[in-house]
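Note sheet for the following structure.
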Amino acid sequence: MNAIIVSAIWGIVMMFTGIITEKGSTVKATAIVGLILLILVNYMDLTGHHLFAIDAHKMLFFDTFGLLANTILFCATLVYFLLSGSDIEKVAVKMPVAECFALIFFVLCGVSLVTTFNTLLMLFLGIEIISIPLYILTGSDKRNLKSNEAALKYFLMGSFSTGVMLLGIAFLFGASQNGTFFIDDLGIGKAAVSPLYIAGILLLLVSIGFKVSAAPFHFWTPDVYDGAPTVFTSFMATVVKAAFFIGFIRLFDEGFGDSQPRWQLFVAIITAATLFIGNVTAVFQQSVKRMLAYSSIAQAGFMLLALISLNGTAKEGILLYAAAYSLATIGIFAILIKMKDYTFEGFNGLARQQPLLAATCTIFLLSLAGIPLTAGFFAKYYMLSSVIATGHFLWLVIFAVLCAAVSVYYYFRVIQAMYFKEGDAQVADLGTGFKGLLVIVAALVLLLGIFPQGLLDKLTTMVYTW
Amino acid sequence: MIPVLLIAIPLVCGLVGFFIKNTGTAKGWSLFASFLSLAVSLWGLSLGRNSPMLSADLPWVPALGTRFAVGLDGMGQILTLLTAVSFPIIFIATWRDEYRGKSWNFYALMLLSQAGLMGVFLAMDALLFYFFWELALIPVYFLCSFWGGEKRIQATFKFFIYTFIGSLLMLVGIIWLYAHTPDHSFAINSFYKLRTIVGNDQMWLFWLFFIAFAIKMPIWPLHTWQPDTYEQSPTATTMVLSGIMVKMGLFGVIRWLAPILPAGTWAWGDTVSGLCIVGMIYASLVAIQQDDLKRLVAYSSIAHIGLMCLAIFATTTTGMQGVMIQMFNHGINIIGMWIVVDLIERQFKTRKISELGGLAQKAPGLAILLVIVSLANVALPLTNAFVGEFLLFSGVFSSTATSYNVVFTAVAGLSIILSAIYTLNMIQKVFFGNTNTLTANAKDLHMNEKIVLVAIVALILWIGVYPKPVLDLTKDTVETIITKMNYKL
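In order, the protein sequences belong to chains A and B. Start counting the first sequence at 91; every next residue gets the next number (the numbering used here). Start counting the second sequence at 227; every next residue gets the next number (the numbering used here).
This is the structure we're talking about:
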């Protein structure tokens with residue numbers, strides 16, 4: 091509860107900061123202070139100190155899984171603020187920076203709802219609270235036609251999927267025994283499932299599939315990610331996507347865990363389609379930004395593997411994946427924002443001009459590809475391990491692994507451009523703080539890849555209190 | 227202790243090497259580091275069989291059931307010895323090669339690749355093995371892509387992705403086996419206990435592992451990355467690739483595939499042996515057609531490795547002994563061949579056999595040493611390769627695991643004749659006959675090249691005449707592995 095309230099309050103504080111000061115750096119500093127405060131109060135929730143004695147009437151359930159997910163997502167947002175916060179000012183002329191930060195805090199409020207919900211209505215509320223500020227942020231570059239198009243596309247597709255989700259929720263309400271929205275009551279007595287129940291699950295699957303950009307519901311993602319200002323794409327592709335996945339896992343594990351054999355094959359097919367479409371289309375991209383958009387679809391495919399298995403390894407794994415994927419992608423986008431040319435040729439020769447940038451970018455790309463020694467390897471390991479442990483769906487694991495090999499191609503295209511091609515890579519001015527921070531994040535990625543034990547300890551204790 | 231040192235020395239020295247901004251110092255530093263590793267390896271050899279210094283078991287990621295477990299048994303000893311001996315030879319032999327750009331990074335990356343290779347041969351924990359398997363690839367990727375030939379980027383990329391696909395399939399297999407271990411551990415002994423558990427699953431698990439190893443060796447038809455990569459990479463890296471890295475594939479089969487999945491190995495043995503002999507004949511025939519020296523040696527390597535893989539699947543003690551000693555022999559012999567190729571390329575800026583000729587008239591020292599190395603390649607008696615190949619053929623012929631042992635032996639024998647054809651043809655065209663304008667001013671060996679080639683020839687002849695120490699070293703490992711392979715469900 092701490093995180094939900096503090097994030098909402100701080101969002102309002104940010105809006106007032108915009109009135110008080112014009113300076114972007116002050117606003118960014120306030121935002122960072124607020125985020126650190128948020129992480130602290132969330133940690134207090136984890137250790138049992140609740141600041142607000144509000145009775146949620148069991149609509150929200152603050153278990154360790156949700157609170158740990160919060161921690162990871164908030165820390166990722168902190169890295170995001172530190173690395174890319176100053177780029178928010180540069181998105182458009184006279185950009186209302188404070189309002190952007192306020193919107194991001196509201197998104198975080200939605201994130202806290204999505205990670206700790208216990209009833210379908212709270213899930214709906216959380217998803218909408220996340221989505222609506224994102225529509226605004228996507229279109230925030232008002233004079234840019236692509237940004238407007240992206241915002242409208244996102245809004246229309248998002249609203250449509252919300253409608254589908256509401257219909258699904260209504261069906262599930264009708265199909266439940268005593269008419270309830272609580273997810274732990276949904277599945278009771280579901281040995282013989284009714285068509286209404288299955289329809290509800292499928293509709294929810296479709297709508298959340300939209301949100302996490304699973305195929306075949308992914309068609310909005312490349313255009314929206316490409317059209318949105320890169321700094322907000324960074325946020326959308328990492329924290330928001332990971333949050334939706336946590337909510338996804340939570341819903342399907344608590345709510346539909348008993349009827350898993352019914353919908354598992356369907357999810358497996360969606361996963362295979364997502365992996366295939368994401369990886370194969372990314373191969374043909376000419377713009378690094380669009381390639382990263384498709385790569386996020388491919389990574390979503392990997393995260394969907396956790397949905398198929400839904401065992402302890404899967405839940406630990408999705409948190410580890412969220413952490414590893416967010417760190418690496420936020421890092422890459424932070425570098426991408428500084429490039430003047432977003433195509434692959436724009437990266438030519440970067441290693442000569444900015445060796446530090448190229449080196450950290452390489453580490454992030456290796457992590458996304460899943461090369462050992464990086465955090466991304468253990469993340470992929472957990473996903474594969476969780477599905478293998480179920481004993482079925484081996485075909486999907488082999489398919490996922492082949493797709494991961496395909497992903498190496500487009501990730502390494504960037505490394506090749508940076509190191510092995512001659513060119514004049516144009517980069518905006520970089521401060522030493524930015525470079526230092528990149529090194530720290532890269533070091534973190536490597537640390538998690540060599541000694542993941544620290545993080546894994548916390549995750550394993552969590553699973554046993556689920 | 228010793229395994230940890232064997233990995234740590236090249237790793238630390240390699241990382242330090244990135245900060246030495248002077249080529250000369252970097253060369254010296256890397257040579258020093260490689261000699262240090264050789265010293266440690268020889269020390270390990272002197273400790274005998276059962277010393278506690280020969281293994282180390284440190285905690286790594288307990289949550290996953292994986293430990294940093296490294297150990298040296300007979301097979302590990304011989305392969306780490308090969309690695310430790312090869313790197314000083316490679317550094318001395320390529321002392322005069324020049325690398326563009328930041329050349330100190332070249333030597334640092336070579337040391338890092340040595341660390342990765344050592345790790346593969348020493349790992350006694352499956353996830354650790356996988357880690358080092360992948361990590362050996364990354365420095366080689368950068369080495370080939372920075373300092374290779376014209377088409378290096380595409381060739382190296384193909385090499386990387388090809389190998390990566392195989393490795394990922396192996397990862398799936400490793401995770402599957404781990405999920406079925408009784409004590410949830412990646413340790414090799416836990417995997418050995420799985421022979422009783424995994425029954426018919428061994429049939430498809432075999433392929434998950436074998437594809438990875440087959441790509442590495444390479445075995446026809448998964449070999450298409452090899453000639454291009456060998457041709458395009460800088461010769462020092464090619465020496466590492468063909469001298470040591472291919473042994474990773476053979477080693478993987480012997481350590482991680484055959485004893486853990488004996489039923490699968492037995493069931494698919496004929497198929498794999500068929501692929502091996504097709505590869506041997508095919509590669510030898512293509513080698514005969516080659517004009518480019520590098521590609522010729524590359525194809526000849528495929529043929530030799532094919533024979534070793536054939537002998538593994540024959541599941542006999544003799545054959546396996548042959549594989550052990552031949553892994554070492556092939557390593558040194560092929561490095562010797564590459565040294566000559568490197569020499570010729572550096573002096574004459576061409577690798578085409580048709581453009582060379584009569585070098586023996588101007589460079590008699592080189593000619594003598596090369597002829598001996600080439601005869602070792604053809605496995606003439608008195609050379610080390612003869613011992614190895616005799617054991618290999620013996621093993622294949624006496625195999626009870628397959629009903630086609632005579633056929634396999636006959637076809638493999640044919641490949642020896644073909645290897646004689648292309649090797650002697652190459653020697654004759656390059657060294658004998660008349661000089662042409664290009665080779666009229668050939669210089670003989672420099673001191674560094676002389677030292678290494680003499681060292682290699684000495685090893686060839688020594689092991690050829692007195693192979694007993696090497697055979698004794700690996701006897702126990704061979705017994706253990708054959709026993710495990712003969713486990714019938």
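The beta-carbon is built from N, C-alpha and C at its ideal position, and this holds for glycine as well. In this text, all values refer to a predicted model and were calculated from it rather than measured experimentally.
**Q.** Backbone CA spacing between B:Ile579 and B:Phe554 [nearest angstrom]
**A.** Residue numbering aside, residue 579 of chain B sits at position 353 when the second sequence is read from its first letter. Residue numbering aside, residue 554 of chain B sits at position 328 when the second sequence is read from its first letter. Cα to Cα, the separation comes out at about 28 Å.
Q: Pull out every residue of the region 328 to 359 of chain B whose Cβ sits closer than 9 Å to any Cβ of chain A, in chain order.
A: Leu353, Tyr356, Phe357, Phe358, Trp359
Q | Proximal chain A residues relative to B:Ser371, where beta-carbon distance stays under 8 Å | A | Position 145 of the second sequence, counted from the start, is the residue given in the question as residue 371 of chain B. Taking the beta carbon of B:Ser371 as reference, the chain A residues within 8 Å of it are Gln506, Tyr509, Phe510, listed in sequence order.
Q) By Cβ distance, which residues of its chain are closer than 7 Å to A:Gly439, with the 5 residues on each side in sequence left out? A) Here the question's residue 439 of chain A lines up with position 349 in the first sequence. Excluding positions up to five away in sequence, the list reads Lys511, Glu512, Gly513, Asp514, Ala515.
Q) Any Cβ of chain B within less than 8 Å of the Cβ of A:Trp556? A) Looking up residue 556 of chain A in the first sequence gives position 466. Reliability of the predicted coordinates at A:Trp556 is poor, the pLDDT of 46 falling under 50, and no value is obtained from them.
Q) Between B:Pro236 and chain A, is there a C-beta pair that is closer than 8 Å? A) As a working note, residue 236 of chain B is residue 10 in the second sequence. No, no contact with chain A.
Q.
For A:Leu409, tell me which candidate among A:Arg233, A:Gly200, A:Ile109, A:Ala333 has the shortest Cα-Cα distance.
A. Within the first sequence, the letter at position 319 stands for residue 409 of chain A. It is A:Ala333.
(Q) Counting only beta-carbon separations shorter than 8 Å, does A:Ile398 have a partner in chain B? (A) The residue you call residue 398 of chain A lines up with position 308 of the first sequence. False, the Cβ-Cβ gap to chain B never drops below 8 Å.
**Q.** Distance CB(B:Gln573)-CB(B:Gly614) smaller than 8 Å
**A.** Looking up residue 573 of chain B in the second sequence gives position 347. Looking up residue 614 of chain B in the second sequence gives position 388. A distance of 8 Å or more separates the beta carbons of B:Gln573 and B:Gly614.
Q: Compare the C-beta of A:Pro186 with all C-beta atoms of chain B and state if any pair is closer than 8 Å.
A: Mapped onto the first sequence, residue 186 of chain A falls at position 96. Cβ-Cβ to chain B under 8 Å: no for A:Pro186.
Q: Hey, could you find the ends of the beta strand (DSSP E) B:Ala282 is sitting in?
A: As a working mapping, residue 282 of chain B is identified with position 56 in the second sequence. Note, B:Ala282: beta strand (DSSP E), 281 to 287.
(Q) With a threshold of 8 Å on Cβ separation, who are the neighbours of B:Gly639 within its own chain once the five nearest residues in sequence on each side are excluded? (A) As a first step, residue 639 of chain B must be located in the second sequence, where it is residue number 413. Excluding residues within five positions, the ones whose Cβ falls inside 8 Å are Phe619.
Q | DSSP-derived helix/strand/coil call for B:Phe245 | A | Position 19 of the second sequence, counted from the first residue, corresponds to residue 245 of chain B. In this structure, B:Phe245 counts as coil in the three-state DSSP scheme.
Q) Which partner residues of B:Lys578 appear in the DSSP bridge assignment? A) On the second sequence, position 352 is the one that residue 578 of chain B refers to. In the DSSP output, where bridge partners are listed per residue, B:Lys578 has B:Asp518.
Q: Round the Cβ separation of A:Gly264 and A:Leu286 to the nearest angstrom and send it over; I've been treating them as touching at under 8 Å.
A: Stepping through the first sequence from its first residue, residue 264 of chain A is reached at position 174. Stepping through the first sequence from its first residue, residue 286 of chain A is reached at position 196. Yes, A:Gly264 and A:Leu286 are in contact; Cβ-Cβ is about 6 Å, under 8 Å.
Q: To the nearest angstrom, report how far apart A:Trp556 and A:Ile387 are at their CA atoms.
A: Start at 1 with the first residue of the first sequence, and residue 556 of chain A comes out as number 466. Start at 1 with the first residue of the first sequence, and residue 387 of chain A comes out as number 297. Bear in mind that a pLDDT of 46 at A:Trp556, under 50, signals an unreliable position, so the model cannot answer this.
Q. Using the beta-carbon of each residue, which ones in chain A are nearer than 9 Å to B:Val287?
A. Translated into the one-based positions of the second sequence, residue 287 of chain B becomes position 61. Going along chain A in sequence order, the residues near B:Val287 (Cβ under 9 Å) are Phe468, Phe541, Pro542, Gln543, Leu546.
Q | Identity of the residue in A:Leu549, A:Ala289, A:Leu213, A:Tyr499 nearest B:Phe385 by Cα | A | Sequence index remark: in the second sequence, residue 385 of chain B carries index 159 (1-based). If we check each option's Cα against that of B:Phe385, A:Tyr499 comes out closest.
Q | chain A contacts from the region 384 to 402 of chain B (Cβ-Cβ distance under 8 Å) | A | Phe386, Ile387, Phe390, Ile391, Leu394, Leu395, Leu397, Val398, Ile401, Trp402
Q: Determine, using beta carbons only, whether A:Ala192 and A:Val329 come nearer to each other than 8 Å.
A: Working through the first sequence from its first residue, we reach residue 192 of chain A at position 102. Working through the first sequence from its first residue, we reach residue 329 of chain A at position 239. Contact flag unset, no.
(Q) With three or more beta-carbon pairs closer than 8 Å as the criterion, would you say the region 452 to 470 of chain B touches the region 587 to 603 of chain B? (A) Short answer: they don't touch.
Q. Given a threshold of 16 other Cβ atoms within 10 Å of its Cβ, counted over all protein chains shown, does B:Ala529 qualify as buried or as exposed?
A. Start at 1 with the first residue of the second sequence, and residue 529 of chain B comes out as number 303. Its Cβ being crowded by 16 or more others within 10 Å, B:Ala529 is buried.
Q. Is the Cβ of B:Leu361 closer than 8 Å to any Cβ of chain A?
A. Residue 361 of chain B sits at position 135 when you count from the first residue of the second sequence. So yes, B:Leu361 belongs to the interface.
Q. Ordered along the chain, which non-local residues of its own chain (more than five positions away) have a Cβ less than 6 Å from that of B:Ser329?
A. Translated into the one-based positions of the second sequence, residue 329 of chain B becomes position 103. Hits under 6 Å: Thr249.
Q. Thinking C-beta only, is B:Ile391 closer than 8 Å to A:Gln506?
A. Numbered from its first residue, the first sequence carries residue 506 of chain A at position 416. Numbered from its first residue, the second sequence carries residue 391 of chain B at position 165. Their beta carbons are not under 8 Å apart, which means A:Gln506 does not touch B:Ile391 by this criterion.
Q) Any idea what DSSP makes of B:Ala349, helix, strand or coil? A) Counted from its first residue, the second sequence places residue 349 of chain B at position 123. Correct three-state label for B:Ala349: strand.
Q | Reference A:Gly337, options A:Leu400, A:Thr522, A:Asp177, A:Cys451, closest by Cα | A | Reading the first sequence from its first residue, position 247 is the one you call residue 337 of chain A. Answer by Cα proximity: A:Leu400.
(Q) Checking the sheet assignment: what are the DSSP bridge partners for A:Phe272? (A) By 1-based counting over the first sequence, the position of residue 272 of chain A is 182. In the DSSP output, where bridge partners are listed per residue, A:Phe272 has A:Thr209.
(Q) With distance defined between alpha-carbon atoms, name the residue in A:Thr209, A:Phe106, A:Tyr384 nearest to A:Leu458. (A) Against the first sequence, residue 458 of chain A aligns to sequence position 368. The shortest C-alpha separation from A:Leu458 is found at A:Tyr384.
Q: Give the interface partners of B:Ile379 over in chain A, defined as CB-CB distance under 7 Å, in chain order.
A: Indexing the second sequence from 1 puts residue 379 of chain B at position 153. Those are Gln506, Phe510, listed as they occur along chain A.
Q | Residues of the region 403 to 422 of chain B with Cβ closer than 7 Å to any Cβ of chain A, in chain order | A | Ala405
Q | Three-state secondary structure (DSSP) of B:Val424 | A | Looking up residue 424 of chain B in the second sequence gives position 198. B:Val424: coil per DSSP, three-state reduction.
Q.
Using a Cβ-Cβ cutoff of less than 6 Å, which residues in the same chain neighbour B:Val479 once the five nearest sequence positions on both sides are dropped?
A. As a working mapping, residue 479 of chain B is identified with position 253 in the second sequence. For B:Val479, where only same-chain residues beyond five positions count, the Cβ hits under 6 Å are Phe439, Ile538.
Q) What is the DSSP secondary structure of A:Ser377, reduced to helix, strand or coil? A) Start at 1 with the first residue of the first sequence, and residue 377 of chain A comes out as number 287. DSSP places A:Ser377 in strand when its eight states are reduced to three.
Q. Alpha carbon to alpha carbon, how far is A:Met508 from A:Ile461?
A. Here residue 508 of chain A is taken as the residue at index 418 of the first sequence, counted from 1. Here residue 461 of chain A is taken as the residue at index 371 of the first sequence, counted from 1. Cα to Cα, the separation comes out at about 18 Å.
Q: Determine, using beta carbons only, whether B:Gly300 and B:Thr700 come nearer to each other than 8 Å.
A: The sequence position of residue 300 of chain B within the second sequence is 74, counting from 1. The sequence position of residue 700 of chain B within the second sequence is 474, counting from 1. Yes, they are a contact pair.
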